[in-house]
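The next block holds one structure in the form of structure tokens; read it before the comments.
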Amino acid sequence: MFSIESIMSTDLITLAPDATLAEARKLMRNNRIHHLPVIKDGDELIGLVTLTNVLAATDSVLRDADNRIHAADIPVKDIMVTEIATIDEHASLRQAALFIEKHQIGCLPIVTNGKLRGIITDTDFVGVAINLLELAEETEPVEEEIA
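Reminder that position 21 of the sequence shown reads as 69 in the working numbering, one-by-one numbering, no gaps.
In structure tokens:
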């Protein structure tokens, strides 16, 4: 059936802690993603920048231009979430889904032996649901139409 390893994204787009809010916004927009793991030393997860973090840290265009905070001046280490729930790639998919639902989070980084291996998102679970619905439709008996 399905496993975390089979549905997790492994081609990750990540940031260094000294990257800027402007860089995070650009990566999210260009790659149509809502979560950016922040890593150091190649694969150690130290934080997570979400679309919510980015929107909250973005200054209003309504503010006076002289007093505006520029996204290029804000390092992601100042806006990232550092208390991150993670899961091992060998955990069950059911455990991951229940955790995401219970804690109302949009993603769950996959960390094994201290190294970021992938990420699983609520969107990945929508894909699983679609596949299961398609399987159910294929196995359902065809109902005859009533004239």
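Virtual Cβ for every residue (Gly too), placed ideally from N, Cα, C.
Residues of the same chain with a CB within less than 8 Å of the CB of Asp172, apart from the 5 flanking positions on each side, are Ile55, Met56, Ser57 in chain order. Of the candidates Leu164, Asp59, Glu53, Leu164 places its Cα closest to the Cα of Gly90. Counting only residues of its own chain and dropping the five nearest sequence neighbours on each side, Val102 has a CB closer than 8 Å to the CB of Leu69, Ala72, Arg73, Met76, Ile127.
Going by DSSP, Leu146 is part of the alpha helix (DSSP H) stretching over 141 to 151.
Secondary structure at Ile61: coil, using DSSP grouped into helix, strand and coil. DSSP places Thr98 inside the beta strand (DSSP E), whose first and last residues are 92 to 98.
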